[in-house]
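Peer 1: The following block contains the structure, expressed as structure tokens.
Chains as they are written, first to last, in our numbering: chain A, 302 to 496; chain B, 2 to 534.
Structural data, given as structure tokens:
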């Protein structure tokens, strides 16, 4: 198996914790993993991405070749589209629909969403709303991870275990609410897309 | 042994700890910062009392590491590529003194300039200083090279340059560790004059260095880090190394390449292996991250013989980092690129954080500068360089660490009055202090704004050497006490701060204004820690 994932967002939105959970799950399944991150200047409110590759075979490149990503997992709608050249023909784009508007020429949201919905394989999820409904607005990124989980070639339980490990120091309440967030995202994807 | 998931930078740190390092010296700089940070967080490093505090700049770091080597212990010094310019005097001369304890100089290059002002290739520095260079292709090799690099250094009594680039530094993968070695107990150099570079001694040392070059080549020819992989199709041979090796193999599903491949991860160039691939193949393609370093040398080796392709004839781009698709194109393989980026997607440049003190400082400076017009503000390297972007558009230069003060001085010498320098607290103690002394000695008409957030912010909030000492340093350098003005950059102080800046702009001499407010990122982290206690 192999799943090549582009994680996208704006600096500070927490894509690295998504990467950490997937990474834990990959270790549990004894898979090879490479994950390229962005540090430094662009973290300050700029666009950030991480290339996350998991595979049962040894991985050569730290960067995903363009046109070979199986999944774009984005916590921001405009950022999800920035990485389209990386998405393979059968790949999925999973994104939050809530925009992070910190630039003067940010596009109209309707146009963004309609572009996303014009793609053959997409999941557009209002993750902020779902996270708020379960009482944990900060779990927005985990909701999206849940919505993307059907396209990550690993058992769902491994992602749950990843959450348990990553949030271990923060106590059971934080673990449970994030498990709930993961499940809500998963159910959304199953209900809306994979029906 | 233990299997750890490590960034390339962290793998170097772990390799150095396990390799028996007694000290690490560094100044923060993307993409090298995580090496020191990893050692600082390491329990093993604490147990062993490994030296692991930040230095004021790369030169002081390089010299301290050389001093530890003199005392017979293993040391590494880490920096970003432009940091090696700062450390160059010590670096080049350390090749003439040679070492006692093993010395690794780790330099992280930043092709594509993700967080830098140029994309210089540090391998040229290694060649310039005539020392061996190691360049890992993956995180495991990064670990192995740091682990074994000390022995290579001690074998030839020479510093070893370990070069990485952004993508390997900031990419995570599994690393298998080796048994931890003992630290050296320390010893004086056998030759008591080895480190005295008086011309008469330096000439002897330099001749020895020249005489050792063949040994370095021979070592590279037999190195475990260099590899010749045979292939049936000899119409083309591929020479690669470092992270470019991964991009090459990514393009072949079963990881079998039809052409012979020479992987060069230890320099000087292993001549025999290069001769071999040249003799067996009709043409050569060089795939390397950074400048056409190998390619240029081969072109001169084989002048008018075997055609050599690469960055000099457009097979690969001359600028920017490589990726699998660029390498595919150079091999005339299919382009897999997906859909274009939709035109509605806009650029999202980095910006100063909401609530950042630099924001208020720039608002105040812009207001105070209105009457003097544009083009008079020289800035420096740090978060505040983002003052170049809207809405501030406040600065006119950013060249190298410390250049704000000295460029302002030169401009004021040329009659550009008032000339303003904007510099951060950490950059000031890195390379701004000496320039300030020049300005004081000539009573230059400049206003220096040391925007003090009490940290090295851009690289993630490392300790700043000057915290709590800035006024004393300025006074010690001779800035008049009444022209050292401290302020708190907050909206509510706007009017008052603008007034202070205006007063100092009008002063015909050196003024230092210190807007001081803690970085909002370090503040948030501090508060979080307090909450968890």
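Here a beta-carbon is modelled for each residue, glycine too, at the ideal position from N, C-alpha and C.
1) Going by beta carbon distance, what residues of the same chain come within less than 6 Å of residue 363/B, once the five residues before and after it are set aside?
2) In the DSSP output, which residue or residues are listed as bridge partners for residue 378/A?
3) Determine, for residue 338/A, whether the minimum Cβ-Cβ distance to residues of chain B falls below 7 Å.
4) According to a CB-to-CB cut-off of less than 8 Å, which residues of the region 380–407 of chain B neighbour chain A?
5) Looking at the strands, I want to know which residues DSSP matches up with residue 516/B.
6) By a C-beta neighbour count over all protein chains shown, 10 Å radius and 16 as the cutoff for buried, is residue 528/B buried or exposed?
7) Can you tell me which of the three DSSP states residue 255/B falls into?
8) How long is the line joining the alpha carbons of residue 166/B and residue 33/B, rounded to whole angstroms?
9) Determine the direct distance from the alpha carbon of residue 309/A to that of residue 57/B, and round the result to whole angstroms.
10) How long is the line joining the alpha carbons of residue 239/B and residue 384/A, rounded to whole angstroms?
11) So which of 390/A, 493/A, 414/A, 444/A has the shortest CA-CA distance to residue 346/B?
12) Does DSSP put residue 361/A in a helix, in a strand, or in coil?
13) List the residues of chain E that residue 403/A touches, going by C-beta distances under 8 Å, in chain order.
14) Taking all protein chains shown into account, do 16 or more other C-beta atoms lie within 10 angstroms of the C-beta of residue 27/B, making it buried, or fewer, making it exposed?
15) From the DSSP output, in three-state form, read off residue 80/B for me.
16) Do residue 9/B and residue 170/B have their CB atoms nearer than 7 Å?
17) Among 296/B, 185/B, 129/B, whose alpha-carbon lies nearest the alpha-carbon of residue 162/B?
18) Does the Cβ of residue 463/B have 16 or more other Cβ atoms within 10 Å, making it buried, or fewer, making it exposed?
19) Of all the alpha helix (DSSP H) runs that stay within the bounds of the region 337–387 of chain B, which reach a length of 4 or more residues?
20) Determine, using beta carbons only, whether residue 383/A comes closer than 7 Å to chain B.
21) For residue 487/A, which residues of its own chain have a beta-carbon under 6 Å away from its beta-carbon, when the five flanking residues on both sides are left out?
22) Between residue 337/B and the rest of its own chain, which residues show a CB-CB distance below 8 Å, the 5 nearest in sequence each way excluded?
23) Beta-carbon within less than 8 Å of residue 90/B's beta-carbon, same chain only, minus the 5 sequence neighbours each way: which residues are those?
24) Within the continuous beta strand (DSSP E) that includes residue 356/A, where are the two ends?
25) What would DSSP say about residue 407/A, mapped onto helix, strand or coil?
26) So, does the CB of residue 331/A fall closer than 7 Å to a CB anywhere in chain B?
27) From 441/B, 351/B, 300/B, 510/B, pick the residue whose C-alpha is nearest to that of residue 276/B; which is it?
28) Leaving out the 5 sequence neighbours to the left and right, which residues in its chain are closer than 7 Å to residue 303/B when beta-carbon positions are compared?
29) So, helix, strand or coil for residue 389/A, using DSSP?
30) Fully enclosed by the region 142–196 of chain B, which alpha helix (DSSP H) runs are 4 residues long or longer?
31) DSSP state of residue 396/A, grouped into three classes?
32) Please report the straight-line C-alpha distance between residue 106/B and residue 386/B, rounded to a whole angstrom.
Peer 2: In terms of the structure at hand:
1) Mapped onto the second chain, residue 363/B falls at position 362. Answer for residue 363/B: 388, 393, 395, listed in chain order.
2) Here residue 378/A is taken as the residue at index 77 of the first chain, counted from 1. Looking at the DSSP assignment, residue 378/A forms no beta bridge with any residue, so it has no partner.
3) Residue mapping note: residue 338/A aligns to position 37 of the first chain, counting from 1. Closer than 7 Å to some Cβ of chain B, the Cβ of residue 338/A qualifies, so yes.
4) 384, 387, 391
5) Indexing the second chain from 1 puts residue 516/B at position 515. DSSP, once it has assigned bridges, lists 488/B as partnering residue 516/B.
6) Mapped onto the second chain, residue 528/B falls at position 527. Answer is exposed; the Cβ neighbour count stays below 16.
7) Taking the second chain and counting its residues from 1, one reaches residue 255/B at position 254. Three-state DSSP puts residue 255/B in coil, outside helix and strand.
8) Reading the second chain from its first residue, position 165 is the one you call residue 166/B. Reading the second chain from its first residue, position 32 is the one you call residue 33/B. Looking at the two C-alpha atoms, the distance is approximately 9 Å.
9) Against the second chain, residue 57/B aligns to sequence position 56. Against the first chain, residue 309/A aligns to sequence position 8. Straight-line Cα distance between these residues: approximately 35 Å.
10) For this step, residue 239/B is matched to residue 238 along the second chain. For this step, residue 384/A is matched to residue 83 along the first chain. Going by the C-alpha atoms only, they are around 30 Å apart.
11) Start at 1 with the first residue of the second chain, and residue 346/B comes out as number 345. The option with the nearest alpha carbon to residue 346/B is 414/A.
12) Along the first chain, one-based indexing puts residue 361/A at 60. Here residue 361/A sits in coil by DSSP.
13) Here chain E cannot be found, since the structure's protein chains are A and B.
14) One-based indexing of the second chain puts residue 27/B at position 26. Classification for residue 27/B: buried.
15) Here residue 80/B corresponds to residue number 79 of the second chain, with the count starting at 1. Three-state DSSP puts residue 80/B in a strand.
16) If you number the second chain from 1, residue 9/B lands on position 8. If you number the second chain from 1, residue 170/B lands on position 169. The answer is yes: Cβ separation under 7 Å.
17) Residue numbering aside, residue 162/B sits at position 161 when the second chain is read from its first letter. Per the Cα distances, 129/B.
18) Translated into the one-based positions of the second chain, residue 463/B becomes position 462. Its Cβ being crowded by 16 or more others within 10 Å, residue 463/B is buried.
19) Within the region 337–387 of chain B, the complete alpha helix (DSSP H) runs of at least 4 residues are 358–370.
20) For this step, residue 383/A is matched to residue 82 along the first chain. Chain B, which has a Cβ nearer than 7 Å to the Cβ of residue 383/A, makes this yes.
21) Here residue 487/A corresponds to residue number 186 of the first chain, with the count starting at 1. Same-chain partners within the cutoff: 447, 450.
22) Stepping through the second chain from its first residue, residue 337/B is reached at position 336. So the list reads 326, 329, once near-sequence residues are dropped.
23) The residue labelled residue 90/B in the question sits at position 89 within the second chain. Hits under 8 Å: 60.
24) Here residue 356/A corresponds to residue number 55 of the first chain, with the count starting at 1. Note, residue 356/A: beta strand (DSSP E), 348–356.
25) Walking along the first chain from the start, residue 407/A turns up at place 106. Of the three classes helix, strand and coil, the one that applies to residue 407/A here is coil, per DSSP.
26) Position 30 of the first chain, counting from 1, holds the residue named residue 331/A. The beta carbon of residue 331/A does not come within 7 Å of any beta carbon belonging to chain B, so the residue lies off that interface.
27) If you number the second chain from 1, residue 276/B lands on position 275. Comparing Cα-Cα distances from residue 276/B to each of 441/B, 351/B, 300/B, 510/B, the minimum goes to 300/B.
28) Mapped onto the second chain, residue 303/B falls at position 302. Within the same chain, and ignoring the five residues on either side of residue 303/B in sequence, the residues whose Cβ sits closer than 7 Å to its Cβ are 279, 309.
29) Indexing the first chain from 1 puts residue 389/A at position 88. Reduced to three states, the DSSP call for residue 389/A is strand.
30) You should have 167–170.
31) For the purposes of this step, residue 396/A is identified with residue 95 of the first chain, where counting begins at 1. Note: residue 396/A maps to strand in three-state DSSP.
32) Locating residue 106/B in the second chain gives position 105, where the first residue counts as 1. Locating residue 386/B in the second chain gives position 385, where the first residue counts as 1. Rounded to whole angstroms, the separation of the alpha carbons of residue 386/B and residue 106/B is 28 Å.
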